[in-house]
Ligand SMILES: Cc1cc2nc3c(=O)[nH]c(=O)nc-3n(C[C@H](O)[C@H](O)[C@H](O)COP(=O)(O)OP(=O)(O)OC[C@H]3O[C@@H](n4cnc5c(N)ncnc54)[C@H](O)[C@@H]3O)c2cc1C
């Protein structure tokens, strides 16, 4: 098979790739997009999202109040414990209002915010119909603009040359290998979170019990191809976003519905029926992202979130029904836990509870005292049957290992050279800003802002030839 020539080749089929493709086309280039999934599964992790974080001064049609650049940056600074690149982070933040406008101009619809366990109406713009609707809108726009999308086309390797970028591609539908030669290329193929072997290399054996919340197509092939081609890879392979999800969720694509949001209302025990962390340390939206790692560090990477009837209506019900029992012994039996051990844990916990004025909307004064692991807020006795249990497993959202880029989204090589015709956007370069921790909605902000820039710069790079 001979070479297939094109102006701009965009590798990926999620938000960042779509933003890059549309932006490149807008800037006068012809664009071919490669999506490794079949059409029905297009859109990567972006199809599972709900919102993007955006700064704004004063209420907008979709955001309440104000959210300044400084406050946004402080939020990023806090969650990353200072491990962020301020220049890059502020660059993304400043570009968010413009990117919301741009998304709207290309068919994406937003909705007014509503309450829920993660109340983000002030800071995050919600996509009407969720991420699937967002990617469908962009695909529709791409088609209208004449962007060629090839499904089931998986990029395998890269040949980085000054004059062109060569990409070897597997066309899965026709079981053939194709060779693309592009004037410029944007890589927006996500992280490597779906690659179980690579997760195991980073995490060791525990990785076999991880569930992947998003697409199975983010295998990291392009990330590792970039490394093989001499690009500078940054970040720690064990860093990323990991939450505790229902252990009964599928291996891939469980999405947000498998998240369990009642942790702060009860207790969480491990396989030995022992508590291991303060379930009431802070508001759930500020803590949900640490529980994936906490469960990952327990034996067999399993946890059990236990509550009683008192709090049943106080959290958003997840996709899976809880396991229900009229006594703790029965609950232990159903979950395969040692009944005596569970009773002891609950008895000790109940004895430690210092009753206060329960209020889940503030950091209330209901806490425990005298326990090895105290609960600092929302501690109520677990004493009102029926009792409920959700089994928990670590759910990987995305990984941070990425490729170094400039503010123009250009790929930086190991020797410091900046590629003039190779760009990266989205999850694959999010590690330039996020090296640990996460702030809800920032993934889509990074992908949208850098996707747009990457597409524009790729188109511009042709003109400079
Ligand atoms: C359940 C869930 C909920 C989330 N909710 C939010 C949210 O509300 N807000 C938010 O900001 N973030 C959220 N995130 C994170 C968000 O999904 C990512 O930050 C964002 O989607 C990254 O966009 P992307 O385009 O870089 O990657 P993706 O959307 O994952 O797209 C990567 C694409 O590349 C394709 N691909 C991979 N390898 C190849 C290859 N070799 N060749 C060709 N194509 C390839 C994949 O098929 C896929 O289409 C959520 C993630 C999950 C899993």
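In the UniProt record's numbering, the protein residues as written are 1 to 465.
From the three backbone atoms N, C-alpha and C, an ideal C-beta is built for every residue, glycine too.
| Asked | Found |
| --- | --- |
| Beta carbon of residue 468: closer than 7 Å to some heavy atom of ligand 1? | The question about residue 468 has no answer, for the chain in this structure spans 1 to 465. |
| Please indicate yes or no: does the CB of residue 157 lie closer than 7 Å to some heavy atom of ligand 2? | Judged by which ligands are present, ligand 2 is missing from the structure shown, whose ligands are ligand 1. |
| Under 8 Å, with one C-beta from each stretch per pair, do the segment 57-76 and the segment 29-45 reach the 3-pair mark? | no |
| So what does DSSP say about residue 70, is it helix, strand or coil? | helix |
| Which first and last residues belong to the alpha helix (DSSP H) in which residue 197 is found? | 196-203 |
| If you measure from the CB of residue 154, is any heavy atom of ligand 1 nearer than 7 Å? | yes |
| Thinking C-alpha only, which one of 257, 292 and 308 is nearest residue 301? | 292 |
| Determine the direct distance from the alpha carbon of residue 426 to that of residue 95, and round the result to whole angstroms. | 15 Å |
| Buried or exposed for residue 24, going by 16 or more other Cβ atoms inside 10 Å? | buried |
| Would you tell me roughly how many angstroms separate the C-alpha atoms of residue 369 and residue 303, rounded to the nearest one? | 23 Å |
| Please find out if some non-hydrogen atom of ligand 1 comes closer than 7 Å to the beta-carbon of residue 16. | yes |
| If you measure between the beta carbons of residue 328 and residue 387, is that distance less than 8 Å? | yes |
| Note the first and the last residue of the continuous beta strand (DSSP E) segment covering residue 160. | 153-160 |
| Between the alpha carbons of residue 459 and residue 27, how many angstroms are there, rounded? | 6 Å |
| Provide the residue span of the beta strand (DSSP E) that contains residue 393, from first to last. | 387-399 |
| What's the gap between the Cα of residue 126 and the Cα of residue 105? | 16 Å |
| Whose C-alpha, out of 423, 236, 355 and 132, is nearest the C-alpha of residue 379? | 355 |
| Is residue 377 helix, strand or coil when you go by DSSP? | coil |
| How far does the beta strand (DSSP E) with residue 245 in it extend, from its first residue to its last? | 240-246 |
| Residue 419 to residue 90, Cα distance in whole Å? | 23 Å |
| Could you give the distance in angstroms between the alpha-carbon of residue 224 and the alpha-carbon of residue 121? | 38 Å |
| Return yes when at least one heavy atom of ligand 1 lies under 7 Å from the C-beta of residue 110, else no. | no |
| Thinking C-alpha only, which one of 331, 394, 376 and 381 is nearest residue 349? | 381 |
| Looking only at its chain, what residues have a beta carbon closer than 6 Å to the beta carbon of residue 124, apart from the 5 residues adjacent to it on each side? | 51, 53 and 441 |
| Where does residue 384 land, buried or exposed, given buried means 16+ other C-beta within 10 angstroms? | exposed |
| Using a threshold of 8 Å, state whether the C-beta atoms of residue 240 and residue 88 are closer than that. | no |
| Tell me whether residue 175 is buried or exposed, calling it buried when 16 or more other Cβ atoms sit within 10 Å of its Cβ. | exposed |
| Between the beta-carbon of residue 331 and the beta-carbon of residue 325, is there less than 8 Å? | yes |
| Between which two residues does the alpha helix (DSSP H) containing residue 422 stretch? | Counting along the chain, residue 422 falls outside any alpha helix (DSSP H), though it belongs to the beta strand (DSSP E) covering 418-424. |
| How big is the Cα-Cα spacing for residue 376 and residue 281? | 6 Å |
| Within a Cβ cutoff of 8 Å, which residues of the same chain sit near residue 179, ignoring the five residues on either side of it in sequence? | 1, 2, 3, 4, 166, 167, 168 and 169 |
| Looking at the structure shown, is residue 296 part of a helix, part of a strand, or coil, going by DSSP? | helix |
| For ligand 1, I want to know if residue 442 counts as a neighbour, meaning its beta carbon is within less than 7 Å of at least one of the ligand's heavy atoms. | yes |
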